[in-house]
């Protein structure tokens, strides 16, 4: 999602995104084509995460930090971790899991352990 943001919102070429992220150009190409990562836009679970305001905000913040060269790798990881914590605490991930695997039931508490 960050790679797509860098490409679409900031106009970064694959080579530049790769350099800034410490990845190969081919890996960037895979992410943009949906071969890797969250490329299945028809998948309702992935769509739910993509459309989540907290996730969207984190993606935008990380991409801006990369472009402005004001965010370290550690800060990017911290932002992603904070986003995951917020999603779990608001039970967004639980809703996705329950819809995907109804046998989990509505009393699932797995996220409490992480």
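Residue numbers (our numbering): 1455 to 1568.
The beta-carbon is built from N, C-alpha and C at its ideal position, and this holds for glycine as well.
Taking residue i and residue j to be in contact with their CB atoms under 8 Å, please state how far apart those CB atoms are, rounded to whole angstroms.
i: residue 1474; j: residue 1520; result: 5 Å
Which same chain residues, not among the five before or five after residue i, have their C-beta less than 8 Å away from its C-beta?
i: residue 1457; result: 1471, 1475, 1482, 1485, 1486, 1491
Measuring only the C-alpha atoms, how far is residue i from residue j?
i: residue 1538; j: residue 1478; result: 26 Å
i: residue 1553; j: residue 1533; result: 27 Å
i: residue 1530; j: residue 1556; result: 33 Å
i: residue 1541; j: residue 1466; result: 29 Å
i: residue 1558; j: residue 1501; result: 21 Å
i: residue 1549; j: residue 1560; result: 9 Å
i: residue 1469; j: residue 1480; result: 9 Å
i: residue 1506; j: residue 1463; result: 18 Å
i: residue 1535; j: residue 1527; result: 12 Å
Using only CA atoms, which one of the options lies nearest to residue i?
i: residue 1461; options: 1507, 1505, 1513; result: 1513
i: residue 1509; options: 1525, 1561, 1464, 1547; result: 1547
i: residue 1488; options: 1455, 1506, 1463; result: 1455
For residue i, which residues of its own chain have a beta-carbon under 6 Å away from its beta-carbon, when the five flanking residues on both sides are left out?
i: residue 1459; result: 1513, 1517
i: residue 1503; result: 1509
Excluding five sequence neighbours on each side, which residues of the same chain lie with their C-beta closer than 7 Å to the C-beta of residue i?
i: residue 1525; result: 1516, 1519
Continuous alpha helix (DSSP H) assignments of at least 4 residues falling wholly in the stretch 1476–1551: 1479–1487, 1498–1505, 1507–1521, 1527–1543, all fully within the stretch 1476–1551.
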